[in-house]
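Shown next, in structure tokens, is the structure this report addresses.
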Amino acid sequence: PGPLYEPLTHVPLIIGGVPNQRRGRMDSALVSTGDLVPTLLEVLQLDPMPSGGGRSLAAHLREEGLPHRRAVVLCGEDCGGLRSARYKWLVDGNGGGERLFDLQADPLERHNLHGERQSSAIRKMLLASLGSGTADSHR
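Here is the structure:
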């Protein structure tokens, strides 16, 4: 599942032109490319799409309080996964196995935790974030 490693999924997002936007600040919130269309529609004061999968970041950019996601869903051509602020779990759709990384302890994703004692609990925590309404798709 190489295509979903951090250098390709952890990409800076720079947004400007939002009225009353806080400026010159960095944020570590988990966002998705699926958030771009809802954000643009809100900034342009257009009707939201009925079901786009993402959410507008406009309120977050104005510091009005958007709840941070606990995780985002990662979708690649032949693999998928979940990423939280700390962990990333990747599954190869071609039978290539699973990879689980602690991004705080291993930011270069060199030590696969899959199969280790704590891996089951980490996967359960990531899966639970899907049911909480705080996980969204990232392509």
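In my numbering, the protein residues as written are -14 to 124.
Each residue gets a CB set at the ideal place from its N, CA and C atoms; glycine is no exception.
Below 8 Å on the Cβ atoms is my contact criterion, and I expect residue i with residue j to pass it. Report the Cβ-Cβ distance as a whole number of Å.
i	j	result
VAL22	VAL3	So it is not a contact: roughly 15 Å between Cβ atoms.
ILE0	THR24	7 Å
In whole angstroms, what is the alpha-carbon distance linking residue i and residue j?
i	j	result
SER69	ASP32	30 Å
LEU(-7)	GLN30	31 Å
ASN79	ARG7	44 Å
SER13	SER36	25 Å
LYS109	VAL76	14 Å
LEU26	LEU15	20 Å
LEU93	LYS73	12 Å
GLY39	ARG71	21 Å
THR18	LEU42	11 Å
GLU(-9)	ALA90	14 Å
ARG95	ARG54	25 Å
ASN5	ALA106	41 Å
VAL58	MET11	22 Å
Below 7 Å CB to CB, which residues in the same chain sit around residue i once its five sequence neighbours on both sides are set aside?
i	result
GLU48	ARG7
ASP87	ARG71, TYR72, LEU98
Which residues in the same chain as residue i place their Cβ atom closer than 8 Å to its Cβ, once the five residues preceding and following it in sequence are excluded?
i	result
ALA56	LEU15, LEU67, ARG68, SER69, LEU111, SER114, LEU115, THR119, ALA120
Please list the terminal residues of the continuous beta strand (DSSP E) segment that includes residue i.
i	result
VAL3	No beta strand (DSSP E) contains VAL3, which DSSP labels as neither H nor E.
LEU85	83 to 87
LEU75	72 to 77
Along the chain, where does the alpha helix (DSSP H) that runs through residue i open and close?
i	result
LEU25	21 to 28
LEU(-7)	-9 to -6
ALA44	43 to 46
Just to confirm my understanding: we take residue i, look at its own chain, exclude 5 residues before and 5 after, and list those with CB closer than 6 Å. What are they?
i	result
SER104	LEU85, LEU98
> Between the stretch 74 to 85 and the stretch 93 to 108, are three or more C-beta pairs nearer than 8 Å?
Replying inline: With a cut-off of 8 Å, the stretch 93 to 108 and the stretch 74 to 85 count as touching, because enough Cβ pairs lie within range.
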